[in-house]
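Take a look at the structure below.
2 protein chains.
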Amino acid sequence: MEVLITGGAGCIGSDLAARLLREGHQVTVFDNLSSGKEEHIQNLLNNDRLKFNKGDLLDKKQIENACKNIDVVFHLAANSDIKYRPEDPTDEDLKLNTIATYNVLEAMRLNSVKKIVFTSSSAVYGEAEIIPTPEDCGLRPISLYAASKAACEAMISGFCYMFEMEGWIFRLANIISGKSRKKGKTVLSDFIEKLSTNRKELEILGDGKQRKSYLTVNDCIDGIMLAMKEPYKQVNVLNLGPEDSITVDEIAEIVASQMGLKDVKFKHTGGDRGWPGDVPRFLLDTTKIRKLGWKPRHTSREAIEIATKSLLDQVIQ
Amino acid sequence: MEVLITGGAGCIGSDLAARLLREGHQVTVFDNLSSGKEEHIQNLLNNDRLKFNKGDLLDKKQIENACKNIDVVFHLAANSDIKYRPEDPTDEDLKLNTIATYNVLEAMRLNSVKKIVFTSSSAVYGEAEIIPTPEDCGLRPISLYAASKAACEAMISGFCYMFEMEGWIFRLANIISGKSRKKGKTVLSDFIEKLSTNRKELEILGDGKQRKSYLTVNDCIDGIMLAMKEPYKQVNVLNLGPEDSITVDEIAEIVASQMGLKDVKFKHTGGDRGWPGDVPRFLLDTTKIRKLGWKPRHTSREAIEIATKSLLDQVIQ
Numbered sequence: 027m028e029v030l031i032t033g034g035a036g037c038i039g040s041d042l043a044a045r046l047l048r049e050g051h052q053v054t055v056f057d058n059l060s061s062g063k064e065e066h067i068q069n070l071l072n073n074d075r076l077k078f079n080k081g082d083l084l085d086k087k088q089i090e091n092a093c094k095n096i097d098v099v100f101h102l103a104a105n106s107d108i109k110y111r112p113e114d115p116t117d118e119d120l121k122l123n124t125i126a127t128y129n130v131l132e133a134m135r136l137n138s139v140k141k142i143v144f145t146s147s148s149a150v151y152g153e154a155e156i157i158p159t160p161e162d163c164g165l166r167p168i169s170l171y172a173a174s175k176a177a178c179e180a181m182i183s184g185f186c187y188m189f190e191m192e193g194w195i196f197r198l199a200n201i202i203s204g205k206s207r208k209k210g211k212t213v214l215s216d217f218i219e220k221l222s223t224n225r226k227e228l229e230i231l232g233d234g235k236q237r238k239s240y241l242t243v244n245d246c247i248d249g250i251m252l253a254m255k256e257p258y259k260q261v262n263v264l265n266l267g268p269e270d271s272i273t274v275d276e277i278a279e280i281v282a283s284q285m286g287l288k289d290v291k292f293k294h295t296g297g298d299r300g301w302p303g304d305v306p307r308f309l310l311d312t313t314k315i316r317k318l319g320w321k322p323r324h325t326s327r328e329a330i331e332i333a334t335k336s337l338l339d340q341v342i343q
Numbered sequence: 027m028e029v030l031i032t033g034g035a036g037c038i039g040s041d042l043a044a045r046l047l048r049e050g051h052q053v054t055v056f057d058n059l060s061s062g063k064e065e066h067i068q069n070l071l072n073n074d075r076l077k078f079n080k081g082d083l084l085d086k087k088q089i090e091n092a093c094k095n096i097d098v099v100f101h102l103a104a105n106s107d108i109k110y111r112p113e114d115p116t117d118e119d120l121k122l123n124t125i126a127t128y129n130v131l132e133a134m135r136l137n138s139v140k141k142i143v144f145t146s147s148s149a150v151y152g153e154a155e156i157i158p159t160p161e162d163c164g165l166r167p168i169s170l171y172a173a174s175k176a177a178c179e180a181m182i183s184g185f186c187y188m189f190e191m192e193g194w195i196f197r198l199a200n201i202i203s204g205k206s207r208k209k210g211k212t213v214l215s216d217f218i219e220k221l222s223t224n225r226k227e228l229e230i231l232g233d234g235k236q237r238k239s240y241l242t243v244n245d246c247i248d249g250i251m252l253a254m255k256e257p258y259k260q261v262n263v264l265n266l267g268p269e270d271s272i273t274v275d276e277i278a279e280i281v282a283s284q285m286g287l288k289d290v291k292f293k294h295t296g297g298d299r300g301w302p303g304d305v306p307r308f309l310l311d312t313t314k315i316r317k318l319g320w321k322p323r324h325t326s327r328e329a330i331e332i333a334t335k336s337l338l339d340q341v342i343q
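Residue numbers (the working numbering), protein chains in the order written: chain A, 27 to 343; chain B, 27 to 343.
Below is the structure:
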C-alpha cells in the first residue's frame, strides 16, 4: 500500500514510518519540521520505498499533491505544544490542528483517498466524570488543544459519512518516546533538563499528584496498526493507553533515580494541575481495543522508565 | 444588560432581539444579511435600545469592535444552508460556523465578555444509538454542517475553561418559524413553493418516513432565556425540543390541507433520508432542561401547523 504520514518526522510518525516500511509499504513522510526532526527519519532515507516531502499542511496545494495515489493517510501532524501561555495566540490549535485537518480531508476527497487514521488525544474528554473513561463518554475539552482535537474528530466523522471514507480515530494516552522534539516539552525532557542544571532541587508544575497514564511509542503503533487489518467500518473511535497511571511525583523520582541523584528536593509550583487546561487525572477505558486483540507490553511506570533511560543515553553520548 | 446577537436578523435572532428588548436590555444585532433579512428587524429599528451592526464574522476587527461593552453574546449566526451538494465547496461550514465561532470567542476574550449562548443542533448526535438522545451521548456527526457545530461546541468548551467564560450550548430540534430566510430552504417553504406551482403532485425528498421533531421559535427562545437566569456553571449543554416527532409525509399532509388541496399525489425521491448527511430520525431527551423549568407550549405537529399558517398568510398578502 501507499501510505502518507503527516507529521512523519515526529516522535510517533518516524517510528510508524519505520514499521510500515518493514511491513513492505510505500511510505511518504509529510512534515514541515516545525516540531519533527529530519534526524528522526535519517536512517530511513536510504530506503527507496520512503519518500520525504517537506511540506506544510496549511498550504492546500502541497497536501493535495502529496495525496496523489495514496491509499491511507496517517494524520499525526499537530501542534505539539499543548500548553497555552497568556502571550500565545489563541488560534494556533485552530490553524495547526483544525484547519490543517480540514486540508488533509479535502485533499483526500479530491484524490479519492478513502482511509484516514487520526491520532486524537485523551484530552478531548476533559475532566471526565467516569474514570476509566470509555469512548462513548461525552467530550468536554478544557483547553484549546483538546478543543481542536475534538473539532478534528468531528470533521473526520462528517467527511467519512459524507464521502464514504473510513476513519480511525485513536484517543491516545500520553505517548512517551525516547526521541525528543523541537517544540512542546514533555515531562521527561523538562525534568532531565532541570536536574542537569540543578541536581539538588526540582521544580514540579502543580502539586505533583496529577495522575496520568503513559504509553510507549511501540505499544501505540501496535494499536494504530490495527487500522490496517480490521474490516471496514465508517468511523472507529478507540481509546489507546495502558491500564494504569502514575503521578508526576513518581515520574520525578524515576528520573532522579536514573540520573543517580539522591535527596533531590521537590519544589511544587502548587495547584491541582500543571498549567491552565491541563487535565490533572485521567485513565482510559481500553476494553474496546483490547477486544480487537491489542494489549500494551508496558505499564505507565515501565513506559516512563524505558523512555527516561533512552533520553539519558542520548544526553550522555 | 448589553447583549449582542450574531445572526440577529435571522428567524430566531430577530424574535430573540424583540424579546430581549421587551425585557429591557440593550440589544445589538450583528448580521451580514446573507441569510437573515433586514425586514425581520424592521419593526425594532425605531427602538433606541436596538443597534443594527451590519457586519461579517469572518472580519475579525468587525466582531471585535462589536463586542465592546457587551455582557452576553447570543451567537446564532451560522451557515443556514445545511444541505451539501456535490458542486458546493466543502469549507462553507468550516468558515461560516467553525472559524466564525472562533472569531466570536476571541473577540469576547479580547473584550472580557464573559458569557456566550450558542445555538447548536440535534444534528451533532448523528444517528444516535439512544433515542430520545440525552446530552451525554457521544457525538457522531454525519454531515459537514453537524461536524462544524460539534467543532464550535468544543471550542466554546475550551475557551470557557481556559478564560473563565460561561457557555450555554443549546442543541436544538428543528426550529420552525413563520418567517422565511434567504438561504437554506426549510421543509415548509419547500412544500409551499412546490404546491403553489403544481397543486396535484408533491415531490418529497426521501421516503417521507423521516421522523423529526419541530419546535416553534417562541418555545425555543423561552429555553434560551434560561441562560439569563440560571446560576453560573462553566459549560452548560442542553437539548431543546418537544417530546414528540412527526414524519415528513405528515408535514406534507398538513401543508396540503392548509392550502385547501385534496388528493395531492406524493412522489418520493426515495431512500431513507432527504439528502446526504440528513439524520432521518431523531428525538431529543429534554429531561435536563425540563428540570430547569422549561416546557414547550406546542408539540411538533402544532409547531408545523402554526408555522404553515403563518407562512401561507404571508404568501396570500
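Heads up, the beta-carbon is just placed ideally off N, CA and C, and yes, glycines get one too.
Comparing alpha-carbon positions, which option in A/Tyr151, A/Ser61, A/Ile38 lies nearest A/Ile250?
-> A/Ile38
B/Ser336 vs B/Lys209 beta-carbon contact at 8 Å | no
Where do the N-terminal and C-terminal ends of the beta strand (DSSP E) with B/Gly193 fall, by residue?
-> 192 to 198
Going straight from the alpha carbon of B/Tyr240 to that of B/Ser203, what length do you get?
-> Going from the Cα of B/Tyr240 to the Cα of B/Ser203 covers about 10 Å.
What does a CB cutoff of less than 8 Å around B/Thr159 pick up in its chain, not counting 5 residues either side in sequence?
-> Excluding residues within five positions, the ones whose Cβ falls inside 8 Å are Ser148, Tyr151, Asn265, Phe308, Leu309, Leu310, Asp311.
Run the CB neighbour count on A/Arg166, radius 10 Å, all protein chains shown included, and call it buried at 16 or more, exposed below.
-> buried
For the candidate residues A/Lys94, A/His294, A/Asn137, A/Thr145, whose alpha-carbon lies nearest to that of A/Gly36?
-> A/Thr145
Thinking B/Asn79 and B/Thr54 are a contact (beta carbons under 8 Å), I'd like their distance in whole angstroms, please.
-> 6 Å
So, does the CB of A/Ala154 fall closer than 8 Å to a CB anywhere in chain B?
-> no
Take A/Gln340 as the anchor and find which of A/Pro257, A/Asp57, A/Ser206 has the nearest alpha-carbon.
-> A/Ser206
Close-in-space but distant-in-sequence residues of the same chain around A/Lys161 (CB under 8 Å, 5 per side omitted) | The sequence as given places Glu at residue 161 of chain A; Lys does not occur at that position. Excluding positions up to five away in sequence, the list reads Arg197, Val263, Leu264, Asn265, Asp311, Lys314.
Members of the segment 103 to 124 of chain A near chain B, C-beta cut-off 7 Å = For the segment 103 to 124 of chain A, the set of residues with a beta-carbon nearer than 7 Å to any beta-carbon of chain B comprises Tyr110, Thr116, Asp117, Leu120, Thr124, in chain order.
Spatially closest choice to A/Glu190 from B/Leu170, B/Gly184, B/Gly193, B/Cys186, by CA coordinates | Checking every option, the nearest Cα to that of A/Glu190 belongs to B/Leu170.
Does the distance from the C-beta atom of A/Ser42 to that of A/Ile247 stay below 8 Å?
-> The question names Ser, but residue 42 of chain A is Leu in the sequence shown. Closer than 8 Å, so yes.
What does a CB cutoff of less than 8 Å around B/Lys406 pick up in its chain, not counting 5 residues either side in sequence?
-> Nothing can be reported for residue 406 of chain B: it is not among the residues displayed for chain B, which extend from 27 to 343.
Listed in chain order, which residues of the segment 163 to 175 of chain B have Cβ atoms closer than 9 Å to some Cβ of chain A?
-> Cys163, Gly164, Leu165, Arg166, Pro167, Ile168, Ser169, Leu170, Tyr171, Ala172, Ala173, Ser174, Lys175
Which first and last residues belong to the alpha helix (DSSP H) in which A/Ile156 is found?
-> Looking at the DSSP string, A/Ile156 is not in any alpha helix (DSSP H), and its letter there is neither H nor E.
Below 8 Å between beta carbons: does that hold for A/Ser326 and A/Ser283?
-> no
For B/Ile67 versus B/Ser106, is the C-beta distance shorter than 8 Å?
-> no
From which residue to which residue does the beta strand (DSSP E) around A/Val143 run?
-> Here the beta strand (DSSP E) through A/Val143 covers 141 to 147.
Given A/Lys291 as reference, the closest of A/Lys235, A/Pro268, A/Leu318, A/Asn224 once Cα atoms are compared | A/Asn224
Is B/Gln284 helix, strand or coil when you go by DSSP?
-> helix
Which residue or residues does DSSP assign as beta-bridge partners of B/Thr124?
-> DSSP output for B/Thr124 lists no bridge partner at all.
Helix, strand or coil for B/His101 per DSSP?
-> strand
Give a yes or no on whether the C-beta atoms belonging to B/Leu83 and B/Asn129 are separated by under 8 Å.
-> yes
At a CB-CB cut-off below 7 Å, which residues of chain A make contact with B/Pro302?
-> Under the 7 Å cutoff, chain A gives Met188.
Can you tell me the Cα-Cα spacing of B/His384 and B/Leu120, whole angstroms?
-> Because chain B is modelled from 27 through 343, residue 384 of chain B falls outside the range shown and cannot be assessed.
What in chain B is Cβ-close to A/Met181, meaning under 7 Å?
-> Ala173, Ala177
Given B/Ala176, which residues of its chain have a CB within under 7 Å of its CB, disregarding the five upstream and five downstream residues?
-> Val150, Leu165, Pro167
When DSSP labels each residue in this structure, what does B/Val213 get in the three-state scheme?
-> helix
Range of the contiguous beta strand (DSSP E) that encloses A/Gln88 = Looking at the DSSP string, A/Gln88 is not in any beta strand (DSSP E); the run it does join, the alpha helix (DSSP H), is 86 to 92.
Could you please give the first and the last residue of the uninterrupted beta strand (DSSP E) stretch that includes A/Phe308?
-> Unbroken run through A/Phe308: none, as it is neither H nor E.
A/Tyr128 touches chain B at which residues, Cβ-Cβ below 7 Å?
-> Asp117, Leu120
State the start and end residues of the unbroken alpha helix (DSSP H) segment that holds A/Asn244.
-> Its alpha helix (DSSP H) spans residues 243 to 255.
Residue burial classification, B/Ser5 (beta-carbon count within 10 angstroms, cutoff 16) | Residue 5 of chain B lies beyond the range of chain B shown here (27 to 343); nothing can be said about it.
Let me know the secondary structure DSSP gives A/Arg166 once reduced to three states.
-> coil
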